[in-house]
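Visitor: For the protein sequence lines, the chains are R and X, in the order given. At the far end of the first sequence sits residue 439, using this note's numbering, and the numbering has no gaps. At the far end of the second sequence sits residue 798, using this note's numbering, and the numbering has no gaps. Take a look at this one; I'll ask things after.
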Amino acid sequence: MAKKMHDTPNLDQLETGPWPSFVTGLKALARDKDYVVDLLGQLETSYRTKKGYWKGGTVGVFGYGGGVIPRFTELKDEKGQPVYKDCAEFHTLRIMPPPGMHYDTKVLRDMCDIWEKHGSGLIAFHGQSGDIMFQGATTENVQKAFDEINELGFDMGGAGPAVRTSMSCVGAARCEQSCYDEAKAHRAVLNTFLDDIHRPSLPYKFKFKFSGCPNDCMNSIQRSDMAVIGTWRDNIRTDEALAKKWFAKHTMDQLVNDIVARCPTKTFQLKQIKNVKSSPTISSVAINDTHAIEIDNRDCVRCMHCINVMTGALAPGKDKGATILMGGKRTLKIGDLMGTVIVPFMKLDTDEDMEKLVALGQRTIDFFAENALEHERTGEMIERIGLASFLEAMEIDVDVNMVSTPRTNPYVRTDGWDEEVAKINAQKDAIQNNKQQVA
Amino acid sequence: MNAPVQMRRPKETGVPDNKKYLHPLLLKNYGNWKYHDRPRPGVLHHVSHNGDEVWSVRAGTQRQMDVHTIRRLCDIADKFAEGHVRFTIRSNIEFMVSSAKKVDPLIAELEKGGFPVGGTGNSISMIAHTQGWLHCDIPGTDASGAVKALMDELIVEFRREEMPNRVHLSTSCCEINCGGQADIAIVIQHTKPPVINHDLVANICERPTVVARCPVAAIRPAMVNGKPSLEIDESKCMCCGACYPPCPPMQINDPEYSKLAIWVGGKNANARGKPTFMKMVASGLPNNPPRWPEVSEAVKNILHVYKEDARPWERMADWIERIGWPRFFEKTGLPFTKYLIDDWRGSRATLNASTHIRF
Chain R
1 MAKKMHDTPN LDQLETGPWP SFVTGLKALA RDKDYVVDLL GQLETSYRTK KGYWKGGTVG
61 VFGYGGGVIP RFTELKDEKG QPVYKDCAEF HTLRIMPPPG MHYDTKVLRD MCDIWEKHGS
121 GLIAFHGQSG DIMFQGATTE NVQKAFDEIN ELGFDMGGAG PAVRTSMSCV GAARCEQSCY
181 DEAKAHRAVL NTFLDDIHRP SLPYKFKFKF SGCPNDCMNS IQRSDMAVIG TWRDNIRTDE
241 ALAKKWFAKH TMDQLVNDIV ARCPTKTFQL KQIKNVKSSP TISSVAINDT HAIEIDNRDC
301 VRCMHCINVM TGALAPGKDK GATILMGGKR TLKIGDLMGT VIVPFMKLDT DEDMEKLVAL
361 GQRTIDFFAE NALEHERTGE MIERIGLASF LEAMEIDVDV NMVSTPRTNP YVRTDGWDEE
421 VAKINAQKDA IQNNKQQVA
Chain X
440 MNAPVQMRRP KETGVPDNKK YLHPLLLKNY GNWKYHDRPR PGVLHHVSHN GDEVWSVRAG
500 TQRQMDVHTI RRLCDIADKF AEGHVRFTIR SNIEFMVSSA KKVDPLIAEL EKGGFPVGGT
560 GNSISMIAHT QGWLHCDIPG TDASGAVKAL MDELIVEFRR EEMPNRVHLS TSCCEINCGG
620 QADIAIVIQH TKPPVINHDL VANICERPTV VARCPVAAIR PAMVNGKPSL EIDESKCMCC
680 GACYPPCPPM QINDPEYSKL AIWVGGKNAN ARGKPTFMKM VASGLPNNPP RWPEVSEAVK
740 NILHVYKEDA RPWERMADWI ERIGWPRFFE KTGLPFTKYL IDDWRGSRAT LNASTHIRF
């Protein structure tokens, strides 16, 4: 039994209503822990005064420089003593989840036991960074808790100017749209940068995220410095049985208004079967005895809409891989930046392919570490130096897929034009020669 | 003399392999799924190329979970789902079951335990959110409470799939926006420059770092009352709060003047149009715990108009693109003020450089 609860008239109002209540959960923990009784006391104070009362500090575990989010109370009485002394220290451990956030109940129960013993008993699945957030431990208990979590097979995540914990979608484990092995890529990349995760020494944070298809369920384009988004190069696959099954449950109006009209490049057409064209770049499938869908894949931008609506009837192609985008981040400091294309397509089938992905990440982080200003994200750095300079330093060839449009102003010095054209032509010739030799 | 304490060195094992945690059917059919459908809201039915089927039942959680809640979820997983679960990016939990017959009893058990089943397809899913007063060192508001209050009201739409397209919501307790881009986002918007505690700056803050952090170069070093401190050009300051994390004496949070803003139309999927950033459409809402009723009303109003007016498969951004911003403001009744005209870098691209006007 813990000590008597503080009055929490504000928080009590969050116990009503049908959605699961974190307050009810905290109160259940407070029955056994003075620690959580006082946490509720401080939180209630915040609800009353509309102020936060935590400050950071320096708390860590032996051997690592980051991953613990230290919190000390600032809610003090006139003598400078904590008002809620039992929760004067309330640190969080950021722990990296398995790709796709899969667990068995054994490991979840083990985590609960560890955190009940050493911490508050409050765990967030998951924080916005993707970490399992073990919320609330004293300075003394942080190391004990980490040691046991670490023995369970889990490792510390990133915090501060470090490579951060990553996230990947459910992917190949349970999704037909998966275009590469997200979990394998996630581990191959992240586990290369453990030193940069655990010992923060970069100009600022660096985030990787892995989404298996352009639906980008991990929101990687808007919030990661390097986004790996699955895609494919060949034709959309079709399945006539499933196409007919879909159409049997829907109407022609729905097919036209919800799919044909919503194709961003209007390459998705509805045709009478007798008029359907055939070519190596066309996918087509009958939806009934008279009509068929025709998609010219050369004009398809792999947006996923038609595949999302008619899952199974339409599917990503077989020549799969990923597009790599860099520079996504939210507002501070220069404003929101979306990730932009750096590698239009790379295969991720073999171990060698994965090594190339890891090498790209390594080169990017090396360049970032050398060239970014303090507290500058990758996107801001690229914005400052220009994409062309970044590509040149990274030894990545320019590609028209990297832009929405070519330049709209003449403010550029072009006296190297002829050399650039010669270089591009030489590369084309080399590729041509290679092909002929192979043939 | 004390004997030196032998510290345990960490096992630098990194991201764990997920193979050992996968449901047996997911492991068996890894990379071999053919399609899925949704027999009812809250349930995904995946079929593999070899004919295997798996049903995933999705339920909402409070994200910040006590160990008792997690153990109850584990009990349910042991009883119905062969002891395996996974979490979605929006903190929903998924139970994979190998037989259609297990679905209804599992749903009944979850609902009985207070875990609403839903969040799939064209529903309003759980709100992605931040830490707030519970754990953050710079929060302007709480997250869990505002989310709980709003989800209490949106739970009906969580359980159904009756929205035009999926709706993602987020909340953020400062302008860093850890909650992220969303169809509708609730984000703190400070309205007054920080109040500086000049007694503390010299001891706590690395002044050049703070100066460099300001996006509008409004902060400069100064001597105040004989102590090294900082001063703010209040005519330049746009109250973003970027100076506060590196220098807590730059107190930006204010019980009265830290307001809540509403943003709409963020989309990360490439489906249909390219991904979009969200846009600010309202501000000045009071920070009103414990249930933030004004915020809930504003969000519900936008959701209601969207649900009534959008066509099937139009995300918030797609819908607004079709009807145009004037009609968005007209239909939602939100005032379009001068503060919603962007004046940051690149802002000219947000102006209407055409005669495209809907009358």
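Cβ atoms here follow ideal geometry from the backbone N, Cα and C, with glycine treated the same way.
1) Between which two residues does the beta strand (DSSP E) containing Y103 of chain R stretch?
2) For the region 15-38 of chain R, enumerate the residues whose C-beta is nearer than 8 Å to any C-beta of chain X, in chain order.
3) With three or more C-beta pairs closer than 8 Å as the rule, is the region 80-97 of chain R touching the region 61-72 of chain R?
4) For G41 of chain R, which option in R:K76, R:V61, R:G67 and R:S21 has the closest C-alpha, if you only look at C-alpha atoms?
5) Verify whether the separation of the beta carbon atoms of I627 of chain X and G705 of chain X is less than 8 Å.
6) So is Q570 of chain X buried or exposed if we call it buried at 16+ other beta carbons inside 10 Å?
7) Under a CB-based cut-off of 8 Å, is D196 of chain R close to chain X?
8) Do the region 630-650 of chain X and the region 671-691 of chain X touch if we need at least three Cβ pairs shorter than 8 Å?
9) Alpha carbon to alpha carbon, what distance is there between P714 of chain X and L255 of chain R?
10) Got a sec, what are the start and stop residues for the alpha helix (DSSP H) I149 of chain R sits in?
11) Please look up how many angstroms separate the CB atoms of D415 of chain R and P344 of chain R, rounded, as I've assumed it's under 8 Å.
12) Name the DSSP bridge partner or partners of V59 of chain R?
13) Can you say whether W417 of chain R is buried or exposed, counting buried as having 16 or more other CB atoms within 10 angstroms of its CB?
14) With DSSP collapsed to three states, give me the class of W232 of chain R.
15) Using Cβ-Cβ distances below 9 Å, what residues of the region 761-783 of chain X are close to chain R?
16) Where do the ends of the alpha helix (DSSP H) carrying E392 of chain R lie?
17) Are G470 of chain X and A172 of chain R touching if we call contact CB-CB under 8 Å?
18) Terminal residues of the continuous alpha helix (DSSP H) containing F268 of chain R?
19) Looking at the strands, I want to know which residues DSSP matches up with T323 of chain R.
20) Taking beta-carbon pairs under 8 Å, can you tell me which members of the region 59-87 of chain R lie near chain X?
21) What are the residues that DSSP puts in a beta bridge with Y474 of chain X?
22) Could you tell me whether the region 326-334 of chain R touches the region 243-259 of chain R, where touching means 3 or more Cβ pairs closer than 8 Å?
23) So if DSSP puts Q690 of chain X in a beta bridge, which residue, or which two residues, is it bridged to?
24) By Cβ distance below 8 Å, which residues in the same chain neighbour E315 of chain R in space, the five residues on each side in sequence not counted?
25) For N141 of chain R, which residues from the same chain have a beta carbon less than 7 Å from its beta carbon, with the 5 sequence-adjacent residues on both sides left out?
26) Considering just the uninterrupted stretch of the alpha helix (DSSP H) at I577 of chain X, what are its terminal residues?
27) Sort R:A439, R:D225, R:M156 and R:D319 by Cα distance to W232 of chain R and report the nearest one.
28) For G60 of chain R, I'd like the list of residues in its chain whose CB is within less than 6 Å of its CB, leaving aside the five on either flank, ordered along the chain.
29) Just to make sure I have the definition right: I need the residues of chain X whose C-beta is within less than 8 Å of the C-beta of P10 of chain R. Which are they?
30) Who are the neighbours of M304 of chain R on chain X, taking C-beta pairs under 8 Å?
31) Pull up the DSSP beta-bridge partners for L337 of chain R, would you.
32) If you run the structure through DSSP and keep just helix, strand and coil, what is Q628 of chain X?
33) May I ask you to list the residues that DSSP assigns as paired with P667 of chain X?
34) Would you please verify whether the beta carbon of T559 of chain X is less than 8 Å from any beta carbon of chain R?
35) Can you tell me whether G136 of chain R is helix, strand or coil according to DSSP?
36) For T527 of chain X, count neighbouring Cβ atoms within 10 angstroms of its own Cβ and tell me buried if that reaches 16, exposed if not.
Guide: Taking the coordinates as given:
1) H102 to D104
2) T16, G17, P18, W19, P20, S21, F22, V23, G25, L26, A28 and L29
3) yes
4) R:K76
5) no
6) buried
7) no
8) yes
9) 24 Å
10) T139 to E151
11) So it is not a contact: roughly 28 Å between Cβ atoms.
12) BP columns for V59 of chain R are empty, so no partner.
13) exposed
14) strand
15) W783
16) L387 to M394
17) yes
18) Taken as a continuous stretch (DSSP letters only), F268 of chain R belongs to no alpha helix (DSSP H), being part of the beta strand (DSSP E) at F268 to Q272.
19) R:I229
20) V61, F62, G63, Y64, I69 and R71
21) X:V486
22) no
23) X:V634
24) The amino acid at residue 315 of chain R is misidentified as Glu; the sequence shows Ala. Only E176, Q177, I236, R237, T238, D239 and I307 meet the Cβ criterion.
25) H118 and G119
26) Looking at the DSSP string, I577 of chain X is not in any alpha helix (DSSP H), and its letter there is neither H nor E.
27) R:D319
28) Counting only Cβ-Cβ distances below 6 Å, and skipping sequence neighbours, we find V68.
29) Sequence check: residue 10 of chain R is Asn here, not Pro. Simply P728 and P729.
30) A708, N709 and A710
31) DSSP, once it has assigned bridges, lists R:K329 as partnering L337 of chain R.
32) Assigned with DSSP and collapsed to three states, Q628 of chain X falls in strand.
33) X:M662
34) Closer than 8 Å: no.
35) strand
36) buried
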